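Engineer: Starting off with a structure, shown below.
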Amino acid sequence: MSAVTSPAAGRPSLASRAAVRHGRAPLVAWLALLLALMGIGAAAFVYQFSTGLIVTGMRNTVMWGQYILFFMFFVGLSAGGLIVASAGRLFGVKAFKPITRLAVLEATVAVILAATFILPDLGRPERILNIVLNPNPTSPMIWDITIVMVYLAMSAFYVWLYARADLARRGSWLALGTGTSPRTMAREERVKSAMAWIALPAAVMLHTITAWIFGLQISRGFWYTSIMAPMFIASALVSGLGLVILIALVLRRLGRVHFQNDLVAMLGGLLAVFIAVEAFLLMAEYLTALYPGAPEAAAAGRMLSGPYMPLFIAEVVGGLALPFLLLAIRPLRRDPRWVGVAAAIAIVGIFVHRLNLILNGLSYPNIELPPGLPVGVAQAGPSFLQSHWYVPTIVEWAIVVGVLAFGALLFTIAAWYLPMQEPDAH
Amino acid sequence: MADPKVSPVEALSPASRAWGEIGPRSDKPHWGMVVDQERCIGCWSCAIICKSENDVPLGMWWNRILTEGDGLDQPEDVRGVGLEMAWLPLACQHCENAPCVKVCPVGATYHRSDGLVMQDTDRCIGCRYCMIACPYGVRNFNWGVPSRPTPHETGMVQARPLGTVEKCTMCVQRLAEDQVPSCVWSCPAGARIFGDLNDAGGRVATLIREREGYELLEEAGTKPSVRYLPPRRRTPL
Numbered sequence: 256m257s258a259v260t261s262p263a264a265g266r267p268s269l270a271s272r273a274a275v276r277h278g279r280a281p282l283v284a285w286l287a288l289l290l291a292l293m294g295i296g297a298a299a300f301v302y303q304f305s306t307g308l309i310v311t312g313m314r315n316t317v318m319w320g321q322y323i324l325f326f327m328f329f330v331g332l333s334a335g336g337l338i339v340a341s342a343g344r345l346f347g348v349k350a351f352k353p354i355t356r357l358a359v360l361e362a363t364v365a366v367i368l369a370a371t372f373i374l375p376d377l378g379r380p381e382r383i384l385n386i387v388l389n390p391n392p393t394s395p396m397i398w399d400i401t402i403v404m405v406y407l408a409m410s411a412f413y414v415w416l417y418a419r420a421d422l423a424r425r426g427s428w429l430a431l432g433t434g435t436s437p438r439t440m441a442r443e444e445r446v447k448s449a450m451a452w453i454a455l456p457a458a459v460m461l462h463t464i465t466a467w468i469f470g471l472q473i474s475r476g477f478w479y480t481s482i483m484a485p486m487f488i489a490s491a492l493v494s495g496l497g498l499v500i501l502i503a504l505v506l507r508r509l510g511r512v513h514f515q516n517d518l519v520a521m522l523g524g525l526l527a528v529f530i531a532v533e534a535f536l537l538m539a540e541y542l543t544a545l546y547p548g549a550p551e552a553a554a555a556g557r558m559l560s561g562p563y564m565p566l567f568i569a570e571v572v573g574g575l576a577l578p579f580l581l582l583a584i585r586p587l588r589r590d591p592r593w594v595g596v597a598a599a600i601a602i603v604g605i606f607v608h609r610l611n612l613i614l615n616g617l618s619y620p621n622i623e624l625p626p627g628l629p630v631g632v633a634q635a636g637p638s639f640l641q642s643h644w645y646v647p648t649i650v651e652w653a654i655v656v657g658v659l660a661f662g663a664l665l666f667t668i669a670a671w672y673l674p675m676q677e678p679d680a681h
Numbered sequence: 002m003a004d005p006k007v008s009p010v011e012a013l014s015p016a017s018r019a020w021g022e023i024g025p026r027s028d029k030p031h032w033g034m035v036v037d038q039e040r041c042i043g044c045w046s047c048a049i050i051c052k053s054e055n056d057v058p059l060g061m062w063w064n065r066i067l068t069e070g071d072g073l074d075q076p077e078d079v080r081g082v083g084l085e086m087a088w089l090p091l092a093c094q095h096c097e098n099a100p101c102v103k104v105c106p107v108g109a110t111y112h113r114s115d116g117l118v119m120q121d122t123d124r125c126i127g128c129r130y131c132m133i134a135c136p137y138g139v140r141n142f143n144w145g146v147p148s149r150p151t152p153h154e155t156g157m158v159q160a161r162p163l164g165t166v167e168k169c170t171m172c173v174q175r176l177a178e179d180q181v182p183s184c185v186w187s188c189p190a191g192a193r194i195f196g197d198l199n200d201a202g203g204r205v206a207t208l209i210r211e212r213e214g215y216e217l218l219e220e221a222g223t224k225p226s227v228r229y230l231p232p233r234r235r236t237p238l
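Heads up: the protein sequence lines correspond to chains H and A, in order.
Heads up: the first sequence begins at 256 in the numbering used here, then just goes up one per residue.
Heads up: the second sequence begins at 2 in the numbering used here, then just goes up one per residue.
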C-alpha cells in the first residue's frame, strides 16, 4: 500500500510526484501493450471488413454473437457504475464521495466501448450514417442509439464537472475558463446535484432501452418477457458496482485515491444486495416460464437440462451464490481482497448470464421443423441447420481484445491525468 | 433492389405467358398467396426455381420446404388417428404487421403499397435486427462474398452485396409483368395460388374462406399475406 497520504488533487505533493516518477516505466510498458493489442484488433477488423462476417462464428441461426454480447455487457457496466455514483449523491451518502469520480469516469469509458462494439457487428459499417440519415422511429435500436449518445454526452460532462475545479487550480485549459471563486464553487455544487437528478434516470433508461432491444421481440420466446428490463438493471448494478470496486482497489494501490476499508466493506454489502436482487428476478423468470410445462418453455428448459446446463450452473452457482456467500460472511467482507475477489467473480457471472441470453435465445429457430434454417454460407456439409452451436472465432476475439485495450487506454490516460480524489473526502 | 435486368416474360410464348398471368383483382390489390398443404408433395421445385429466378447464392434459401413429422421424411401420429405427414413450404410471409419493418433502424425493409415487404440492400447496414425479429426465420444474411455455382448471373434480378440481408420478394420483377411468382407457376402439384387478398370474390380469398386457411404462428400477431390450407386427409396412412 502506498504511503502517500496527501490528496493527489491540486498541486501534487513531493511524495506523489516521486510516485509518478517511479511509476512511469510500468505505465509506458502498459500503454505500449495496449497500443499493440489495439493494433491487432484494428488489423482483425480490416480483415473482417474485407472478407465479411463469414470470418465470425455467427450464421443465420445465431445471427448475433460476441459483439452484441459485449455491447450489452458494457452498457450494463456503464449504467451500473453511474447509478451507484449518482444515487450516492442523490441520497446524500457521503461515504461514496471518494469513489464518485472514478465511477463517473468508468461509466463514460464503458459507454464509449459499448458504442464501439456496434461497429464490428455491422455487415456494412461504412453505412453507419444511415442511422442518422434515415432513422426509423419504431426501431428499439434507434431508441437505444439515441439514449447512448445522450448518455455519452451527459457522462462526459459529468467527468468534466468533477475534474473542473482541480483543473482550474492547475491552470489547465481543460477548465474551459472557469475559476474556483466561492461563487463558482457554490454553483458547481448546484449543478452537481442537478446532474445527479438527470444521471440516475438516464442510466436506468440506458439499460432499460437496451433490454427492450431484446425483450420486445415476440419471435424470441426466451427474451419476450417483461422481466427483461428489471433484470437488465439488476445485472447492470451487479457488474457496474463490481467493476467500480475493482477499479477503486487498483487505483488505491496506485495511490490515485484514498479511502478506508470501511467503504470497501460497505460497497461489498451493497453488492451482496444487488446479487440477491438479480437472483430473485432470475428465479421469478424461470419459475414462471417452467411451471406450466408448456412447449413455450423449451428454451428455459434447455438451460436447466440441455446443452447449456454447465453455463447455467456457472451463472447461478459461480456468478451469484459464490460471491454472495463471500460478501455475506462478515470477516471476509471486511477484507478488501476478498471483496475484490467476490466483485470479480460477480462480474464474470453477469457476463455468463448475458452469454446465456444470447446463446439460448438464438441457437434454435422459432420453427424447429426439419431441415431447419439455411446456414447462409456455401460450405461442404449440410446447407440447413436445426440448431447452431455458436463459438466465437479468433477474429472476433482479436477485435474484442482490441476494443477492450482501447477502453483500458482511455481509462488509464484519463485516470492518470485527471485528479481522481475528491478534495474534501477526508 | 430487384429491378429486372431484362424482361424475361416478353420472351415467353403466348401460351406460357397466359399460364402465368395473375388474373382478376380488386381496385387496390393486396398481393397474397395460398399454400395448399393437401396438394404439396414436398418436391422442392419451388425452392429450386426460386434460387434460379432470384440468383440466390449457395448456402441461402429464400424458400424452403419444412417437413411436419417426426424428423425428416418420418410420418408421425400427431392427432392420435394414425400416421400422418405434411409439408410446410416456408418463405417470407409478407406480414401486414411485419416485425422486421418495425425494427429495421434505417428503414431498409419496408412495405410497398400492395402489401409486399421489400428489402433495400443499398440502404441495409447489416445489423441483422430484422433476422432477430422475424418469427419465421426466412431472412438470409450475406455472411461472405456471395458465391454461386456458375460465374454467370442466372437470375432475373440484381445480385445482393456482401454484408446485407435478403429474402423473398414475391418475385416483384415478375409482378411488374403481370406474372405470378416463379414458385407459383412452377409447382407441379398446383399447391400455390397467387392473387389479391382484397378481392373478396377472388380465388385466393374464396379458398381461405372455404378451406379455413390459417396463418402460420398466428399467436405472433404478424398478419401474414401468405395463408396455409390444412390437409384434409380423412383416412390416415
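Quick reminder that beta carbons are idealized off the backbone N, C-alpha and C, glycines included.
Since the model is a prediction, treat every value here as computed from it, not as a measurement.
Could you check the C-alpha separation between A:R212 and H:E570 for me, to the nearest Å?
Structural biologist: 50 Å
Engineer: Mind the definition here: the segment 19–34 of chain A touches the segment 593–600 of chain H only if three or more C-beta pairs lie below 8 Å; say whether that holds.
Structural biologist: Touching, no, given that fewer than three Cβ pairs across the two stretches are closer than 8 Å.
Engineer: Pull up the distance between the alpha-carbon of H:L384 and that of H:T465, whole angstroms please.
Structural biologist: 20 Å
Engineer: Please tell me whether H:V493 and H:A601 are closer than 7 Å, where the distance is taken between their beta carbons.
Structural biologist: yes
Engineer: Just curious, the beta strand (DSSP E) that A:V57 is in, first and last residue?
Structural biologist: Where A:V57 is concerned, there is no enclosing beta strand (DSSP E), given that its DSSP letter is neither H nor E.
Engineer: CA-CA distance, A:Q38 and A:R233?
Structural biologist: 9 Å
Engineer: For H:N385, go through chain A and note every residue whose CB falls closer than 7 Å to its CB, in chain order.
Structural biologist: V107, R124 and I126
Engineer: Nearest to A:C101 by CA position, among A:A206, A:P90, A:M119 and A:S114, is which residue?
Structural biologist: A:M119
Engineer: Can you pull the chain H residues whose beta carbon is under 8 Å from the beta carbon of A:E69, in chain order?
Structural biologist: L624
Engineer: Taking its Cβ as the centre, do 16 or more other Cβ atoms sit within 10 Å of A:N98, making it buried, or is it exposed?
Structural biologist: exposed
Engineer: Report the neighbours of A:A134 on chain H: residues whose CB is nearer than 7 Å to its CB, in chain order.
Structural biologist: Q472 and S474
Engineer: Give, in chain order, every residue of the segment 392–405 of chain H whose Cβ lies closer than 8 Å to some Cβ of chain A.
Structural biologist: T393, S394, P395, M396, I397 and I400
Engineer: For chain A, find out if any of its Cβ atoms is closer than 7 Å to the Cβ of H:M318; answer yes or no.
Structural biologist: yes
Engineer: Considering only residues of the same chain and omitting the five flanking positions on each side of A:S14, which have a CB-CB separation below 6 Å?
Structural biologist: none
Engineer: Output yes or no for whether 7 Å exceeds the beta carbon distance between A:A177 and A:I42.
Structural biologist: With respect to A:I42, A:A177 sits apart: the two C-beta atoms are not nearer than 7 Å.
Engineer: Would you list the residues sitting across from A:P90 in a DSSP beta bridge?
Structural biologist: A:I66
Engineer: Can the beta-carbon of H:I530 be found less than 7 Å from the beta-carbon of H:P578?
Structural biologist: In this structure, the beta-carbon distance from H:I530 to H:P578 falls below 7 Å.
Engineer: Run the CB neighbour count on H:A418, radius 10 Å, all protein chains shown included, and call it buried at 16 or more, exposed below.
Structural biologist: buried
Engineer: Buried or exposed, going by whether 16 or more other CB atoms sit within 10 Å of the CB of H:L368?
Structural biologist: buried
Engineer: When DSSP labels each residue in this structure, what does A:V118 get in the three-state scheme?
Structural biologist: strand
Engineer: Verify the CB distance criterion: does A:K103 have a CB-CB separation below 7 Å to chain H?
Structural biologist: yes
Engineer: Rounded to whole angstroms, how far is the Cβ of A:H31 from the Cβ of A:D197, which I believe are closer than 8 Å?
Structural biologist: 6 Å
Engineer: Taking a cut of 9 Å between CB atoms, which residues from the segment 637–661 of chain H lie near chain A?
Structural biologist: Listed by position, the residues of the segment 637–661 of chain H near chain A (Cβ gap below 9 Å) are S638 and F639.
Engineer: Can you confirm whether H:V594, when its beta carbon is compared against all beta carbons of chain A, has any partner nearer than 7 Å?
Structural biologist: no
Engineer: For the putative contact between A:Y229 and A:V36, defined by C-beta atoms under 8 Å, what is the C-beta separation to the nearest angstrom?
Structural biologist: 5 Å
Engineer: From H:G434 to H:Y413, what does the alpha carbon distance come to, in whole angstroms?
Structural biologist: 17 Å
Engineer: Could you tell me which whole alpha helix (DSSP H) segments of length 4 or greater appear in the segment 470–550 of chain H?
Structural biologist: You should have 483–508 and 516–545.
Engineer: Mind pulling the chain H residues with CB within less than 7 Å of A:W62?
Structural biologist: P629
Engineer: Kindly indicate if chain A contains any beta-carbon less than 7 Å away from that of H:G378.
Structural biologist: yes
Engineer: If I follow the unbroken beta strand (DSSP E) through A:T110, where does it start and stop?
Structural biologist: T110 to H112
Engineer: Per DSSP, what kind of secondary structure is H:L640 in: helix, strand or coil?
Structural biologist: Note: H:L640 maps to strand in three-state DSSP.
Engineer: Rounded to the nearest angstrom, what separates H:H643 and H:T316 at their Cα positions?
Structural biologist: 6 Å
Engineer: Verify the CB distance criterion: does A:M2 have a CB-CB separation below 7 Å to chain H?
Structural biologist: For A:M2, the predicted structure reports a pLDDT of 47, less than 50, and the residue's modelled location is therefore unreliable. A value from the coordinates is still provided. Closer than 7 Å: no.
Engineer: Measuring alpha carbon to alpha carbon, tell me which of H:Q303, H:G470 and H:R557 ends up nearest H:M396.
Structural biologist: H:G470
Engineer: Compute the Euclidean distance between the alpha carbons of H:K352 and H:V499, then round it to the nearest angstrom.
Structural biologist: 13 Å
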